[in-house]
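Visitor: Take a look at the following structure, please.
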């Protein structure tokens, strides 16, 4: 079923934009140049407003996600990298859950990457439609039933504004002082599951900080353990890979080897999640620019480029030869 699914995607992959593999070895200084040009274009697009939209001073509902998704409200980079990240996560989960099968052959990997791009484009179109129809850029009264949906939402908000269950989920307040308009939680579960504004806020409300720490560390550990199950990195999958490579653990059969690996892999995954959650929490408490999660994402990308830099330097032999 999985191979058939990728074969269905194959005709669409032929029309997707793709960068061809260079026919010559690209010098490091040329890579740096094109990377800088691409980054400059991205930053310019982050400042170009969308044509025909109505400016608004209302709170940005996606304020907390902007740093992570590299997006900017009301510009060409409104969606940022969220479509490609979402499509990549969905495809990885489908492959890890064995809903689709992806082989190790270059053909299957190419089809899998093409499927990610295709779903990224579909998600982009879907998000754009939802943004417009929900009134993100102005009154959608001329666009069908969008205004009816807004009226219903406003009626429900007015009717249940004092409801206990609604207030239990969270109460919000709008602010535009010191930056773009945004809504921040002031009560309910959303307040306790959101990071404190600064280290001073931690001292003012230690209960909020404690609940947030427990929630952040627990969720990171849980998702880390869940991810190894759906991404093909569980003890059972590792034991299967070792068996296919004709590698065995002395004194252990296949079933006992799975039990032995289960003693280490889930614990290591949970500990890694705790470390990531701890770094994110510390960044949030210290009032770092952006969010702890955004900083971790940026550091990961920078470290990947650093590895590329070290690899290029080892191949060339000296730093001067890389640039001159």
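Residue numbers (full-length UniProt numbering): 1 to 324.
A virtual CB, placed ideally from N, CA and C, is assigned to each residue, including glycine.
(1) Can you give the beta carbon distance from residue 270 to residue 236, rounded, assuming they're within the 8 Å contact cut?
(2) Distance, Cα to Cα, residue 51 vs residue 119?
(3) DSSP on residue 105, reduced to helix/strand/coil?
(4) Quick check on the DSSP output: the alpha helix (DSSP H) that includes residue 67 runs from which residue to which?
(5) Closer than 7 Å: is that where the CB of residue 243 sits relative to any heavy atom of the ligand MG?
(6) Taking residue 10 as the reference, which of 94, 113, 310, 301 has the closest Cα?
(7) Given a cut-off of 8 Å on the beta-carbon distance, is the pair residue 49 and residue 75 in contact?
(8) Would you report the Cα separation of residue 310 and residue 27, rounded to the nearest angstrom?
(9) Where does the unbroken alpha helix (DSSP H) through residue 33 begin, and where does it stop?
(10) Between the C-alpha atoms of residue 123 and residue 256, what's the straight-line distance to the nearest angstrom?
(11) Smallest Cα separation from residue 101: which of 7, 267, 167, 62?
(12) What does the Cβ neighbour count give for residue 285, buried or exposed, with the cut at 16 atoms within 10 Å?
(13) What are the residues that DSSP puts in a beta bridge with residue 187?
(14) Over what stretch of residues does the alpha helix (DSSP H) that includes residue 244 continue unbroken?
(15) With a 10 Å radius around its C-beta and 16 neighbouring C-beta atoms as the bar for buried, classify residue 97 as buried or exposed.
(16) Look at the alpha carbon of residue 83 and the alpha carbon of residue 38, and state the distance between them as a whole number of angstroms.
(17) Using the C-alpha atoms, what's the distance from residue 78 back to residue 132?
(18) With a threshold of 7 Å on Cβ separation, who are the neighbours of residue 222 within its own chain once the five nearest residues in sequence on each side are excluded?
(19) Is it buried or exposed for residue 196, if we count other Cβ within 10 angstroms and need 16 for buried?
(20) May I ask which residues mark the beginning and end of the alpha helix (DSSP H) holding residue 218?
(21) Pick from 213, 13, 128: whose alpha carbon is nearest that of residue 107?
(22) Name the DSSP bridge partner or partners of residue 49?
(23) For the alpha helix (DSSP H) that contains residue 91, what are its first and last residues?
(24) To the nearest angstrom, how far is it from the Cα of residue 192 to the Cα of residue 211?
(25) Mapping DSSP to helix, strand and coil, what is residue 11?
(26) Are residue 217 and residue 297 touching if we call contact CB-CB under 8 Å?
(27) Does the distance from the CB of residue 168 to the CB of residue 188 come in under 8 Å?
Guide: Put simply:
(1) Between residue 270 and residue 236 a beta carbon distance of about 17 Å is seen, past the 8 Å cut, so the two are scored as non-contacting.
(2) Taking the straight line from one Cα to the other gives about 26 Å.
(3) In the structure shown, residue 105 falls within a coil segment according to DSSP collapsed to helix, strand and coil.
(4) Where residue 67 is concerned, the enclosing alpha helix (DSSP H) stretches over 66-69.
(5) This structure lacks the ligand MG; in fact it carries no ligand of any kind.
(6) That would be 113, whose Cα lies nearest to the Cα of residue 10.
(7) It is a contact, given that the beta carbons lie within the stated cut-off.
(8) Cα-Cα distance, rounded: 14 Å.
(9) First-last of the alpha helix (DSSP H) with residue 33: 28-45.
(10) The straight-line gap separating the alpha-carbon atoms of residue 123 and residue 256 is approximately 44 Å.
(11) 7 is the residue among 7, 267, 167, 62 whose C-alpha sits nearest the C-alpha of residue 101.
(12) By the neighbour-count rule (16 or more Cβ atoms within 10 Å), residue 285 is buried.
(13) Per DSSP, 171.
(14) Run containing residue 244: 235-244, per the alpha helix (DSSP H) assignment.
(15) Under this definition residue 97 is an exposed residue.
(16) Each residue's alpha carbon lies about 19 Å from the other.
(17) Rounded to whole angstroms, residue 132 to residue 78 spans 12 Å at the Cα level.
(18) Sequence-distant Cβ neighbours of residue 222 in its own chain, meaning closer than 7 Å and more than five residues away, do not exist here.
(19) Counting Cβ neighbours within 10 Å, residue 196 comes out buried, since at least 16 surround it.
(20) Taken as a continuous stretch (DSSP letters only), the alpha helix (DSSP H) holding residue 218 covers 206-230.
(21) Nearest of 213, 13, 128 to residue 107, Cα basis: 13.
(22) In DSSP, residue 49 forms a bridge with 75.
(23) It spans 82-96 - the alpha helix (DSSP H) in which residue 91 sits, taken as one unbroken run.
(24) Approximately 6 Å between the Cα atoms of the pair.
(25) If DSSP states are grouped into helix, strand and coil, residue 11 belongs with the helices.
(26) With contacts defined as CB atoms closer than 8 Å, residue 217 and residue 297 fail to qualify as a contacting pair.
(27) Taking 8 Å as the Cβ cut-off, residue 168 and residue 188 qualify as a contacting pair.
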